[in-house]
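Scroll down for the structure; my scribbles are underneath it.
In my numbering, the protein residues as written are 1 to 247.
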């Protein structure tokens, strides 16, 4: 009887110890699984440098122009693309970026006026009726075109480890290598298409940019230039404003 009682105690002790080991093992495996599934980005990104391709499409206007100047947000457009090097010094939540890109912008003016350059080389919008009186103008289109090489310098903060929610702040340096105005109109069944070059744009301008990343939606951006578009004495004081989406 004593042997049976001793054997029973040994068996119960062994089963309890075995159950505790299995429980610990199960908890460990569960913890490891949670840790592995935590995020596809983690601190292993610390110090990494990645390359990103950025493509933006949006609309344009000018702000701060004289009250008698009018610009149409559509069909004015902003199109650009860039490649950036993104540095993650502290992990997946923060990155610093610098890159190189190109940008095209078109600004559509009101149909009743067009850009002209006076004898002093200053650009201005003038109504058609003040240029040639008594003629019937039709199908009038007036646009300002700008091409720029760009250097974006940006900081991005991600609110989640999967990088679905983020905000980007920074500046884009524009080297405005080309700009011209164009006017198209019809007079007495004759079509006219005239370009004006050497319009006096600033060779370098800066855009301040805000970009928002949202899950399941295209990324949104807005850009504003605190520097005026024309050089002093070469045109009205006005500032570029663009907004749209990143693809």
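The C-beta atom is built at its ideal place from N, Cα and C for all residues, glycine as well. As the structure is a computational prediction, the values presented were derived from the model and not from experiment.
Item to check | Neighbourhood of residue 181 by C-beta distance below 8 Å, restricted to the same chain and skipping five residues each side | outcome: Listed in chain order, the non-local C-beta contacts of residue 181 below 8 Å within the same chain comprise 114, 115, 123, 142, 143, 144, 145, 195, 196 and 199, local neighbours out to five positions each way being set aside.
Checklist entry - Would you call the segment 147-162 and the segment 80-94 touching, i.e. three or more CB-CB distances under 8 Å? => result Cβ pair count under 8 Å is three or more, so yes.
Item to check | Option nearest residue 174 by Cα separation, candidates 119, 62, 153 and 64 | outcome: Ranking the options by Cα distance to residue 174, first place goes to 153.
Item to check | Unbroken stretches of the alpha helix (DSSP H), 4 residues or longer, contained in the segment 82-153 | outcome: Listed in chain order, the complete alpha helix (DSSP H) runs (minimum 4 residues) inside the segment 82-153 are 128-131.
Checklist entry - Cα-Cα, which of 67, 219 and 216 is closest to residue 126? => result The residue with the shortest Cα to Cα distance from residue 126 is 67.
Item to check | Inter-residue Cα distance where the pair is residue 149 and residue 136 | outcome: Rounded to whole angstroms, residue 149 to residue 136 spans 40 Å at the Cα level.
Item to check | Segment limits, beta strand (DSSP E) that includes residue 49 | outcome: Unbroken beta strand (DSSP E) run through residue 49: 48-63.
Item to check | C-alpha gap between residue 191 and residue 169, whole angstroms | outcome: Between the C-alpha atoms of residue 191 and residue 169 there is a straight-line separation of about 46 Å.
Checklist entry - Exposed or buried, residue 235, counting other C-beta atoms within 10 Å across all chains shown (16 or more means buried)? => result By the neighbour-count definition (other C-beta atoms within 10 Å, threshold 16), residue 235 is a buried residue.
Checklist entry - Leaving out the 5 sequence neighbours to the left and right, which residues in its chain are closer than 6 Å to residue 128 when beta-carbon positions are compared? => result Beyond the five residues adjoining it in sequence on each side, residue 128 comes within less than 6 Å, by CB distance, of 137 in the same chain, given in chain order.
Item to check | Helix, strand or coil at residue 238 [DSSP, three-state] | outcome: Here residue 238 carries a coil assignment [DSSP, helix/strand/coil].
Item to check | residue 101 versus residue 209 - alpha carbon distance | outcome: Approximately 15 Å between the Cα atoms of the pair.
Next on the checklist: Beta-carbon within less than 6 Å of residue 50's beta-carbon, same chain only, minus the 5 sequence neighbours each way: which residues are those?
Outcome noted: Once the five neighbours on either side are set aside, the close Cβ partners of residue 50 are 86.
Item to check | With 16 other Cβ atoms within 10 Å as the buried cut-off, status of residue 99 | outcome: Burial call: buried.
Checklist entry - Which whole runs of the alpha helix (DSSP H) in the segment 174-232 are 4 residues long or more, in chain order? => result Qualifying alpha helix (DSSP H) stretches: none in this window.
Next on the checklist: Buried or exposed for residue 121, going by 16 or more other Cβ atoms inside 10 Å?
Outcome noted: A residue is called buried once 16 or more other Cβ atoms fall within 10 Å of its Cβ, and residue 121, having fewer, is exposed.
Next on the checklist: With distance defined between alpha-carbon atoms, name the residue in 246, 241 and 247 nearest to residue 64.
Outcome noted: Of 246, 241 and 247, the residue nearest in Cα terms is 241.
Checklist entry - Just how far apart, CA to CA, sit residue 104 and residue 48? => result Approximately 32 Å, taken between the alpha carbons.
Checklist entry - Which whole-angstrom value describes the C-beta separation of residue 77 and residue 155, a residue pair presumed to lie in contact below a C-beta threshold of 8 Å? => result Taking a contact as a CB-CB distance under 8 Å, the pair residue 77 and residue 155 does not count as one, their CB atoms being some 27 Å apart.
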